[in-house]
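Input: a single structure, listed below in structure tokens.
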Amino acid sequence: HFVPLASWLKFSILTNREAVGILTVLLIGICLSQQGGLLDATFKCSGSYAQGIFLLNLLRLVEFVIGIIVLIFKGDPWLFALTLVVPKAICYMWFWAILRKKAPWLHLGWSYADKKTLKPLIAPALTFNAFNLGYAFSLQGMLILVGVQNSPADAAIFGPLRTLTRVVLQGASAIGNTMWVELSTAVG
């Protein structure tokens with residue numbers, strides 16, 4: 088109720104309460120996605136990189152299929168937003184159970200955190216996140232601007248067209264992700 092999100096984004100079929108609720112669910116999904124990066128790194132350092140990539144891609148496929156099913160049966164936007172959160176939460180718990188068996192020395196939480204180890208890692212971590220933030224702004228920022236300045240319908244057209252123009256970059260990214268673990272191992 089505090090933010091007139093529906094009017095800012097020019098939503099015509101959603102009330103402000105629905106828009107804020109959907110945005111909240113999507114923000115929870117973003118927070119969960121951050122855990123995906125941690126799980127990915129955990130699979131890498133436990134020597135199970137291929138299994139981790141397979142499971143994370145399987146999760147993306149499950150999210151896609153469930154989302155398509157919701158759209159086919161004309162589910163509302165609230166239900167579609169949940170398809171991006173619920174499967175991810177369930178699969179991440181499953182992934183963690185797999186990792187607990189494969190690498191029992193890995194622990195979730197702060198109990199083994201050490202300030203002496205953490206301090207020199209802060210600057211590289213922030214730098215790495217700056218790249219991700221810039222990437223997010225370049226991708227989603229433009230989409231949001233198109234939606235706000237024009238209409239959600241224009242943003243819906245712009246998104247897939249931008250994706251088509253980025254096919255070469257996605258191919259290069261797929262090759263880079265495949266080689267990443269080998270280069271990390273070789274360099275140390």
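Position 96 of the sequence shown, counted from 1, bears residue number 183 in this note's numbering, the numbering being contiguous throughout.
Backbone N, C-alpha and C fix where the C-beta goes; we use that ideal spot for every residue, glycine too.
As the structure is a prediction and not an experimental result, all values here were calculated from the model.
Span of the alpha helix (DSSP H) around residue i
i      : result
Arg147 : Tyr136 to Ile159
Ser191 : According to the sequence displayed, residue 191 carries Pro and not Ser. Counting along the chain, Pro191 falls outside any alpha helix (DSSP H), and DSSP gives it neither H nor E.
Tyr222 : Lys202 to Ala223
Same chain, Cβ closer than 8 angstroms to residue i, five either side skipped, listed in chain order
i      : result
Ile159 : none
Asp127 : Gly139, Ile140 and Leu143
Residues near residue i in its chain [Cβ-Cβ closer than 7 angstroms; skip 5 each side]
i      : result
Leu193 : Thr129, Ser133 and Leu186
Gln355 : Outside the shown range of the chain (88 to 275) lies residue 355, about which nothing can therefore be said.
Val157 : Leu166, Phe167 and Thr170
Val233 : Asp241, Ala242 and Phe245
Ser135 : Lys189
Beta-carbon contacts of residue i that lie in its chain and below 6 angstroms, excluding the five residues immediately before and after
i      : result
Gly246 : Leu230
Cys178 : Leu146
Residue i (DSSP reduced to helix, strand or coil)
i      : result
Asp127 : helix
Thr170 : helix
Tyr199 : coil
Asn237 : coil
Ser133 : coil
Thr102 : coil
Gly162 : coil
Arg253 : coil
Chain C within 8 angstroms of residue i, Cβ atoms only
i      : result
Gln227 : Here chain C cannot be found, since the structure has a single protein chain.
- Message: Does the contact criterion of 3 or more C-beta pairs under 8 angstroms hold for the segment 195-215 versus the segment 131-147?
- Response: no
- Query: Contact between the segment 172-190 and the segment 201-216: three or more CB pairs below 8 angstroms?
  - Reply: no
- Counting Cβ pairs, one atom from each stretch, are 3 or more of them under 8 angstroms apart for the segment 154-174 and the segment 107-116? yes
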